[in-house]
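Heads up, the thing below is written out as structure tokens.
Number of protein chains: 2
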Amino acid sequence: MSRVVKKSAESPAATRIPAAERRELILQAATAVFAERGYAGATTDQVARAANISQPYVVRLFGTKETLFVEAMDRALGKLDESFRRVIAAYDAGALADQVALLDPALGSRRQDRLRQLMAVAYADLIEDRGILMMLMQSFVTGHEPVIGPRARDGFLALYRLIRDEAGLDADAARDFLAQGMLMNTLISLRLPEVYDEEPTATELLECTLRTKLPLVLNASRAHRRVG
Amino acid sequence: MSRVVKKSAESPAATRIPAAERRELILQAATAVFAERGYAGATTDQVARAANISQPYVVRLFGTKETLFVEAMDRALGKLDESFRRVIAAYDAGALADQVALLDPALGSRRQDRLRQLMAVAYADLIEDRGILMMLMQSFVTGHEPVIGPRARDGFLALYRLIRDEAGLDADAARDFLAQGMLMNTLISLRLPEVYDEEPTATELLECTLRTKLPLVLNASRAHRRVG
DNA sequence: TTGACATGTTATCAGTCGATTACTACATTG
DNA sequence: CAATGTAGTAATCGACTGATAACATGTCAA
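So the protein lines, in turn, are chains A and B. Using this note's numbering, you'd call the opening residue of the first sequence number 113 and step up by one each time. Using this note's numbering, you'd call the opening residue of the second sequence number 113 and step up by one each time.
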């Protein structure tokens, strides 16, 4: 693949934008690209094209590809952290009475039972921004990289502590919660939604895992295939 | 890294071995290398070194790196499939009475309840061959590759069908079983066992997830660090 | 206006990697 | 002992990629 083709009309040749904003745009592009291809499989040029700027500029704003990956990973972890904290705060403020009324009573009525279900919904909602969860998954399998690995570990453990200490789940419940999340990540990374219609087994597994959130995920998958 | 250094004494310069045997040795090496670094991150030269032969010979025996990865993946999937089938067959033959006696009665006594626990033990046992589960994990996040992706999907779905149809787990139980497996994969890929002593959070999560199999995993981790 | 800084590009390099080619060495068989 | 096939290596190439250098253009205060 050639690197610089200078497509004539695609978007008006990258208008000038403050560096801080440009960084965020690049991080969004990087999240999508790294999520798709992983750290080693993605190139800084692919990120640059997705962000509609030149490859050297990506490198200059972030120093190295490794730094770019780490920042994209931190951003994804931050979004998840923020999402969970928002649910917890809203629940404790009594702002989720309508959502709580819809929860399955068979799954318990203690605070941790409620929060577990509410956070599961919040997690599934994040799939809509398809890159976030796949970016996390790619981070988790890059554990051998000397800089990325330790930070991925720390981020994962911080999420576990959030679930344990802030949401109050006991160890077994926290483990099961994480396990469901990892299964969702795997199904998404495997692109199972893309064969939802053709594979009856995929249909069953997706329905059983995602429940009411399935249409959301299928839509996100279809949207992705249109642009991809 | 230089490619060919011809270390003087390391192992006697690759004695002649029938191609079929050599292929299996390369597949073992490839499993370890791909498990560690992923498809894009691993090089055929790293595999060659691990197998103690030259890089071109790896390529010649498998054609392409992609084929090598696919064969290593199929081998890992096959080991898991074989392991589960052996448990099921042994249970149905009544050969596991002693192991069944040790199971947690609170988790149910139906055939599917028993098999679920026995297969979980078999799964954790596979961690000892550290590469297998990490190889699978790497396969699952390589879903976008046009050749690897579909085969990874098919392999995963075949495992699900095995659990559903052969072991008889209902959809929810099969999902939970897979979820626990994906969590274990994630913990291993993150190298959490390597910080078991330093991170109290890691300690708790590992103990809660791996239970009686934890010593096995910690030993495998330590053994890996000695040779790595 | 001008200079100083910020935003962004083109050109290019040095290293890496999968793959190919051409070769050597050993074994088996007739 | 040829002859033929099998097991394996050294050398090398072309493509790719992260990073650097040099340059261009826009913005804004004094």
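All C-beta atoms in this analysis are idealised placements derived from N, C-alpha and C, irrespective of residue type, glycine included.
Among the CB atoms of chain A, one or more fall inside 7 Å of the CB of B/Glu148. By the neighbour-count definition (other C-beta atoms within 10 Å, threshold 16), B/Leu219 is an exposed residue. Nearest CB-CB separation between B/Arg303 and chain A: below the 7 Å threshold. Non-local C-beta neighbours of B/Leu208 in its own chain, meaning closer than 8 Å and more than five positions away in sequence, comprise Val199, Ala202, Leu230, ordered along the chain. Here the alpha carbon of A/Glu306 sits roughly 8 Å from the alpha carbon of A/Arg334. Closest in C-alpha terms to B/Phe181, from the list B/Ala141, B/Ser166, B/Val339, B/Met296, comes B/Ala141.
Judged by DSSP secondary structure, B/Leu318 falls within the alpha helix (DSSP H) whose first and last residues are 312 to 322. Annotation for B/Arg187: Leu139 place their beta carbon closer than 6 Å to its own, counting only its chain and skipping 5 residues before and after.
When DSSP assignments are scanned along the segment 153 to 205 of chain A, the uninterrupted stretches of alpha helix (DSSP H) that are 4 or more residues long and fall wholly within it turn out to be 156 to 163, 167 to 174, 177 to 204.
For the options B/His256, B/Arg338, B/Asp284, the alpha carbon positioned closest to that of B/Ala152 is the one of B/His256. When C-alpha distances from A/Arg303 are compared across B/Ser301, B/Asn297, B/Pro262, the shortest belongs to B/Pro262. Ranked by Cα distance from A/Val171, the options A/Gly206, A/Arg134, A/Ala205 are led by A/Arg134.
In the three-state DSSP reduction, A/Thr127 falls in the coil class, being neither helix nor strand. For A/Glu136, the closest of A/Gln224, A/Leu290, A/Gln158, A/Leu173 by C-alpha to C-alpha distance is A/Leu173.
Your pair A/Thr143 and A/Ile275 does not check out as a contact, with CB atoms roughly 23 Å apart and the cut at 8 Å. In the DSSP assignment, A/Arg337 falls within the alpha helix (DSSP H) that extends over 326 to 339.
Close to chain B, meaning a Cβ-Cβ distance shorter than 7 Å, are the following residues of the segment 305 to 327 of chain A: Val307, Glu311, Thr313, Ala314, Glu316, Leu317, Cys320, Thr321. Excluding sequence positions up to five before and after B/Ala131, its CB lies within less than 8 Å of the CB of Leu173, all in the same chain and listed in chain order. With fewer than 16 other Cβ atoms inside 10 Å of its own Cβ, B/Ile129 counts as exposed.
Between B/Val339 and A/Ala147, the alpha-carbon positions lie close to 31 Å from each other. Residue range 260 to 273 is occupied by the alpha helix (DSSP H) that includes A/Arg273. B/Val253 places its beta carbon less than 7 Å from that of A/Ser301. Of all residues in the segment 268 to 298 of chain B, only Phe268, Leu269, Tyr272, Arg273, Ala283, Asp284, Arg287, Leu290, Ala291, Gln292, Met294, Leu295, Thr298 come within less than 7 Å of chain A when Cβ atoms are compared, listed by chain position. Secondary structure at B/Ala286: helix, using DSSP grouped into helix, strand and coil.
Distance from B/Leu238 to B/Lys191 at the Cβ level is roughly 7 Å; contact confirmed, criterion being Cβ atoms closer than 8 Å. In its chain, beyond the 5 residues on either side, Leu318, Glu319 have a beta carbon closer than 7 Å to the beta carbon of A/Leu326. For B/Arg265, the chain A residues whose Cβ falls inside 9 Å of its Cβ are Leu302, Arg303, Leu304, Glu306, Val307, Glu311, Ala314, in order along the chain.
Between B/Pro312 and the set A/Arg242, A/Tyr272, A/Asn164, A/Gln158, the nearest pair of CA atoms involves A/Tyr272.
Bounds of the alpha helix (DSSP H) holding A/Ser251 are 242 to 252. In terms of beta-carbon proximity, A/Met249 lines the interface with chain B, with at least one pair separated by less than 7 Å. By the rule that beta-carbons nearer than 7 Å mark a contact, B/Ala232 does not touch chain A. The beta carbon of B/Gly280 sits closer than 8 Å to those of Arg223, Gln224, Leu227, all from its chain and outside the five residues before and after it, given in chain order. DSSP places B/Arg226 inside the alpha helix (DSSP H), whose first and last residues are 223 to 238.
A residue is called buried when at least 16 other Cβ atoms come within 10 angstroms of its Cβ; A/Leu295 meets this threshold and is buried.
Non-local beta-carbon contacts of B/Ala234 in its own chain, meaning distances under 6 Å to residues more than five positions away in sequence, involve Ser195, Val199 in chain order.
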